[in-house]
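Asks:
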Amino acid sequence: MNLIPSIAPARPIACSDPAGFRARGVVRLLALVGFLALAAVIFPRGLAAGERPAYDKVRLKDGSTAHGLVVETGGNRISLEMTGGSRTILKRDIERIEFNRTRAASEKMATDRVELGSGHTVSGKVTLIEGGTKVQVELAGRKTTVVYPRDQIRRILWKDELVGSTTLHYSQELERRVEEALKGLDDEDPAARKKDEEFLIHAGILAIDKVKEAYAALAAAGEAVSAGEPGEPAASPRLDALRRIVHVHELKTIIPPEIEETHPQVYEVLGHGSTHEKDSLLKLILPNLPDQSVDLALYLIKYPYEDDKIRSVLIDMLRRMQKNWALLKLYNESQGQLQLVSAIALGKNHILLGVPTIIEALSLSSEDLRRLAGDTLFQLTGKDFGFRADGAPMARQTAVREWQSWWTKNQDQIEKSARAVLQGGDADSPQRATARDAWRLGHEAWRLKQLDQAEAFFQKAIQSDPTFVKASISLAALYYTDLERLSSAERLLRDLAERPIANMTSIDHYWICLELGNVYRMLGKYAEAKASYKESLQFNADSVYGVLGVAECNWLLGTGKGDSGAVERQAHLREALAGYEEAFKLFETAVERLVALRPEDVVDLENLPFDRRLHNRTVWEVRSGYEEEMARLFIKIGKAHLLLDSKESAVRELGRGVRFVEAFGDELTAKKKLLVDMRSLLAHAYESLGQNVEAIQQLRVVLSDLDPENEHCKQALARLRRRILREKE
13 MNLIPSIAPA RPIACSDPAG FRARGVVRLL ALVGFLALAA VIFPRGLAAG
63 ERPAYDKVRL KDGSTAHGLV VETGGNRISL EMTGGSRTIL KRDIERIEFN
113 RTRAASEKMA TDRVELGSGH TVSGKVTLIE GGTKVQVELA GRKTTVVYPR
163 DQIRRILWKD ELVGSTTLHY SQELERRVEE ALKGLDDEDP AARKKDEEFL
213 IHAGILAIDK VKEAYAALAA AGEAVSAGEP GEPAASPRLD ALRRIVHVHE
263 LKTIIPPEIE ETHPQVYEVL GHGSTHEKDS LLKLILPNLP DQSVDLALYL
313 IKYPYEDDKI RSVLIDMLRR MQKNWALLKL YNESQGQLQL VSAIALGKNH
363 ILLGVPTIIE ALSLSSEDLR RLAGDTLFQL TGKDFGFRAD GAPMARQTAV
413 REWQSWWTKN QDQIEKSARA VLQGGDADSP QRATARDAWR LGHEAWRLKQ
463 LDQAEAFFQK AIQSDPTFVK ASISLAALYY TDLERLSSAE RLLRDLAERP
513 IANMTSIDHY WICLELGNVY RMLGKYAEAK ASYKESLQFN ADSVYGVLGV
563 AECNWLLGTG KGDSGAVERQ AHLREALAGY EEAFKLFETA VERLVALRPE
613 DVVDLENLPF DRRLHNRTVW EVRSGYEEEM ARLFIKIGKA HLLLDSKESA
663 VRELGRGVRF VEAFGDELTA KKKLLVDMRS LLAHAYESLG QNVEAIQQLR
713 VVLSDLDPEN EHCKQALARL RRRILREKE
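Quick note on numbering: the working numbering labels position 355 of the sequence shown as 367, and the sequence is numbered without any gaps.
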């Protein structure tokens, strides 16, 4: 193959033609330049034709081969130095390296070389310029020069300088040092062993082949069998050291540059750190670099000597990050308890492909594992077939057969649902269309009070497309509002909160947190409810019901039977008051904007995340609902002021509330009840200030105009009259 392109003239050129001669000269000159450029690549400067530098050979996984001086950089890559420069290669891309075994411990430099602060090298003729403040390099084999500021240069190696070997590249001396270090791993002195282990880790890819050979030889020698690990040699200081060295090397072939750059301590911690140190570091890495962390997580989970706590943490983090393909890969490639744990993790993400493994676990000898499997199956499917972990063997076998029959019957549908989750829940998929239709039918049944049918439709929607979050939220709302199944609602919503789906919107997150707050509050878990309401506000900062939820929890924490002290209760009450006032302002803004009914202007006064009859409500109906809520807030604000001993403020706010409600006609459906509550509370506020006459006036209005049979007001009025008579006497 002709590597030098031929240039054919457009017409013959006579030798006597000066112009033609010049043209021919140009052709010859171009051809010569081309040849010299090619020669500079094939025969680097300082080497005779046919002579090859003492390079190492790097065979890559893509089938290609690179030649150069391999330099161990200490991380997840090597530097391959060649005449004229260097290149970086990730260790994970290397198939194997054939080192030049003839390389001496010291060599003469064939050309000048500049080592940059970044670790890269540039070869060529070096000249110091501008008084030595800059370094000029005429690149070897090229007619190109580059200039570097002197402060960017680590060191300059001059031509013919004798350079001693280091542990950065392979040499005969390094090979001998590696062999000595391997023998030193048997030293009785722990400090000496540690020093040799550190050297072998530092030598990295230059020593790993001999380390692996030593480990294999130790295993083949059959010194003993490690407890619980058939085929592995027994633990010993030498074996442990070899295992750690190999482990760190494998980490450097797995960990990507992004992790190494942001967490340079990763090899030291994962290779030699405590369980706590590993746990802390991984909880930093995985959430911040989820896509780059999958291979590392899978490697550590499958590493046979990793701590079980770390494995559990990693599996749970993969589940929470929705790395379902990784979990499925782990499930398919593992066995025993690891396969069971990965099956459970998949199940929590609504991928039930591991159910056969969980069913098998029902027959294990360990009662604890049987109980875990049985509880998991019930949580995933809502069925138990009468299985009890501590039941009689025959009864357990009968339940297992029932479960196996259930799997056979439902396998096709489960696999379809799993595909929908693994594909990320495509909004245009047939599964989503089926789920949406079932969801709408569920709400229609709910509207008609056909609660069992509503539940069945919602469950069908979830089975058709587990990523259709609205169906799960609706089912949870049905559970806690009408079916009185608070624990089921809590479990379903907590699962959604802990299992964020790839296509979940901020509004989905908002409703999950808000509804979970409602459930917690009904269960009396006020601190948890408050935290959940606050989280909902992170997704929808202007949510009046998120603000109200936080305020109500503060009120309950401030007035409930808990163990809180007086100072803490007062703090909760102040937070409740601030929340009620903020909610009032949000309603006030919504009323001002409510000129024509637009969906984006409507604060949904109902608990559920869907447009129930929203577009059938008139502007008047929506406004009336808002104003009724505002009126109730006057009562809550007044009570908070009274408990905080700000009685004048209570009188002022309750008086505003009375005027606010009386300004409306009969369109305010709860007008009379609101006025009774407000005037009764206002009377109490006046009485606490010693203004008994004003208190009596409020009670008389209630009994004469609003609620003549109100026993509470009758008793209060009689008490105040007696007090006034005593004062007159």
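Glycine included, every Cβ here is placed at the ideal spot set by N, Cα and C.
So, at 7 Å on beta carbons, what are the nonlocal neighbours of Asp507 in its own chain, with the 5 sequence-adjacent residues on each side left out?
Replies: Non-local C-beta neighbours of Asp507 in its own chain, meaning closer than 7 Å and more than five positions away in sequence, comprise Lys360, ordered along the chain.
Asks: For Lys224 and Ala193, I'd like the C-alpha separation in whole angstroms.
Replies: Answer to the nearest angstrom: the Cα atoms are 14 Å apart.
Asks: So, are the CB atoms of Tyr522 and Phe551 less than 9 Å apart?
Replies: A Cβ-Cβ contact shorter than 9 Å links Tyr522 with Phe551.
Asks: If you follow the beta strand (DSSP E) that Glu84 is part of, which residue opens it and which one closes it?
Replies: Thr77 to Glu84
Asks: Apart from the five residues just before and just after His696, which ones in its own chain have a Cβ nearer than 8 Å to its Cβ?
Replies: Cβ within range, chain order: Leu654, Ala707 and Ala728.
Asks: Suppose the cutoff is 6 Å on Cβ atoms and the five residues either side in sequence are ignored; what does the same chain contact list for Glu150 look like?
Replies: Gly136, Lys137 and Thr157
Asks: Taking the alpha carbon of Gln425 as the point to measure from, which residue in Ala473, Leu389 and Gln462 has its own alpha carbon closest?
Replies: Ala473
Asks: Take Phe599 as the anchor and find which of Lys573, Gly572 and Arg644 has the nearest alpha-carbon.
Replies: Arg644
Asks: For Glu107, report the span of its beta strand (DSSP E) as first-last.
Replies: Ile106 to Glu110
Asks: Quickly, what does DSSP pair Lys146 with across the bridge? List them, please.
Replies: Ile141 and Pro161
Asks: Can you grab the Cα-Cα spacing for the pair Arg635 / Gly591, in whole Å?
Replies: 21 Å
Asks: Below 9 Å between beta carbons: does that hold for Asp208 and Leu218?
Replies: no
Asks: Is Leu293 near Gly283, with beta carbons less than 9 Å apart?
Replies: For the pair Leu293 and Gly283, the CB atoms are not nearer than the 9 Å cut-off.
Asks: Compute the Euclidean distance between the alpha carbons of Val260 and Leu186, then round it to the nearest angstrom.
Replies: CA-to-CA, the gap between Val260 and Leu186 works out to about 20 Å.
Asks: Using only the alpha-carbon positions, how far apart do Ala445 and Leu460 sit?
Replies: For Ala445 and Leu460, the distance between alpha carbons rounds to 23 Å.
Asks: Among the residues of its own chain, which have a CB less than 6 Å from the CB of Lys742, if the five just before and after it don't count?
Replies: With the chain running from 13 to 741 in the structure shown, residue 742 is simply not present.
Asks: Just to confirm before moving on: does the CB-CB distance between Glu372 and Asp402 stay below 9 Å?
Replies: no
Asks: Taking only the alpha-carbon atoms, compute the straight-line gap between Phe470 and Leu504 and give it to the nearest angstrom.
Replies: 12 Å
Asks: Does the beta-carbon of Asn566 have 16 or more other beta-carbons within 10 angstroms, so that it is buried, or is it exposed?
Replies: buried
Asks: Going residue by residue through the stretch 211–292, where are the continuous alpha helix (DSSP H) segments of at least 4 residues, counting only ones entirely within it?
Replies: Every unbroken stretch of the alpha helix (DSSP H) spanning 4 or more residues and falling wholly within the stretch 211–292 is given here in chain order: 220–233, 249–266, 269–274 and 278–284.
Asks: Within 10 angstroms of its Cβ, does Tyr317 collect 16 or more other Cβ (buried), or is it exposed?
Replies: Burial call: exposed.
Asks: For the stretch 381–390 and the stretch 441–458, state whether three or more C-beta atom pairs, one from each stretch, are separated by less than 8 Å.
Replies: Contact between the stretch 381–390 and the stretch 441–458 is absent, because fewer than three Cβ pairs lie under 8 Å.
Asks: If you reduce the DSSP assignment to three classes, tell me which class Lys537 lands in.
Replies: coil
Asks: Can you tell me whether Asp2 is helix, strand or coil according to DSSP?
Replies: This structure leaves residue 2 out entirely; the chain is present only between 13 and 741.
Asks: Could you check how far apart the C-beta atoms of Glu107 and Lys69 are, in whole angstroms? I think they sit under 8 Å.
Replies: In fact, because the Cβ distance is near 11 Å, the residues do not count as touching under 8 Å.
Asks: Which one or two residues does DSSP pair with Ile101 in a beta bridge?
Replies: Ile90
Asks: When you compare only the Cα positions, how much space is there between Val614 and Ser548?
Replies: Its pLDDT being 41, under 50, Val614 is placed unreliably in this model, and the coordinates cannot settle the point.
Asks: Within the same chain, show all residues whose beta-carbon is closer than 6 Å to that of Gly669, passing over the 5 residues directly before and after it, in chain order.
Replies: Closer than 6 Å at Cβ, skipping near neighbours: Phe646 and Met690.
Asks: Using the Cα positions of Trp451 and Ala483, report the straight-line distance between them to the nearest angstrom.
Replies: 6 Å
Asks: May I have the straight-line CA-CA distance separating Lys321 from Ala432, to the nearest angstrom?
Replies: Each residue's Cα considered, the two are about 31 Å apart.
Asks: Could you check if Trp415 is buried or exposed, using at least 16 other CB atoms within 10 Å of its CB as the buried criterion?
Replies: In the assembly as shown, Trp415 is a buried residue. Its beta-carbon has 16 or more other beta-carbons within 10 Å.
Asks: Here's the rule I'm using: 16 or more other beta-carbon atoms within 10 Å means buried, otherwise exposed. How should Thr287 be labelled?
Replies: exposed
Asks: What are the partner residues of Glu127, as DSSP defines its beta bridges?
Replies: Thr133 and Arg167
Asks: Excluding sequence positions up to five away, which residues of its chain have a Cβ less than 6 Å from the Cβ of His584?
Replies: Asn566, Leu569 and Gly570
Asks: Which of the three DSSP states, helix, strand or coil, is assigned to Leu729?
Replies: helix
Asks: Could you tell me which of Ser346, Lys740, Lys573 and Leu560 sits nearest to Gly536, measuring between CA atoms?
Replies: Lys573
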